[in-house]
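Positions in the sequence shown are counted from 1; adding 6 to them yields this note's numbering.
C-beta: ideal position from N, C-alpha, C; glycine also.
Here's the structure, in structure tokens; my notes come after.
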Amino acid sequence: MQLSVNSTSQLPQAAEAILANSAGNKIFLFYGEMGAGKTTLIKALCEELGVTEQATSPTFSIVNEYTGRDSRIFHFDFYRLKNQTEALDMGYEEYFYSDAYCFIEWPEKIPDLLPNRYTNIRIRVLDSTSRSISMENI
């Protein structure tokens, strides 16, 4: 699936479409250059799932937990990991296999730890306000 987002006001509709087309996946991998809008899109997804608190980037904490309408949500930012062992040490399996939503920024840092089923989200910057979002269920 391809989405075009030309302003942040279109993010709620994009989040709704992503969740509706995820084929039941709860693990989402977000790819995109620094500043592409991964965290901003994840905030919109959290809002769509009923999170009422402010979703923030877990850049330093590695993972943030939120409560939505019907489930827990874990938001990971693996950018600062030096190696996959750090994800092992934090007990990533407990999160990934908990049946909670997992939104994972910088999954390329943990290629050997990814589950078998997930949804790839690739964000490409078109200009200062426009993004192309591609989605693929694996």
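{"Query": "Contiguous beta strand (DSSP E) assignments of at least 3 residues, all confined to the stretch 13-38", "Result": "33-37"}
{"Query": "Where the beta strand (DSSP E) containing Q8 begins and where it ends", "Result": "8-11"}
{"Query": "Which of helix, strand or coil DSSP assigns to D95", "Result": "helix"}
{"Query": "Selected residue, minimal CA-CA separation from Y107, among Q60, F82, Q8, L94", "Result": "F82"}
{"Query": "Outcome for G97 when other beta-carbon atoms lying within 10 angstroms are tallied against a minimum of 16", "Result": "exposed"}
{"Query": "Cβ-Cβ separation, M7 to N27 (assumed contact under 8 Å), whole Å", "Result": "5 Å"}
{"Query": "Rounded C-alpha distance that separates D105 from E71", "Result": "13 Å"}
{"Query": "E54, DSSP secondary structure in three states", "Result": "helix"}
{"Query": "Buried versus exposed, by CB contacts within 10 Å (16 or more), T125", "Result": "buried"}
{"Query": "Straight-line gap, S77 to F36 (C-alpha atoms, nearest Å)", "Result": "20 Å"}
{"Query": "Whole-number beta carbon distance between I139 and A50, since they are thought to touch under 8 Å", "Result": "Wrong, their Cβ atoms sit about 11 Å apart, outside the cutoff."}
{"Query": "Pair within 8 Å by beta-carbon distance, G38 and R130", "Result": "yes"}
{"Query": "Nearest residue (CA-CA) to Q90, options K115, F109, I110, Y103", "Result": "K115"}
{"Query": "Residue environment, G43, which counts as buried when at least 16 other CB atoms sit within 10 Å", "Result": "buried"}
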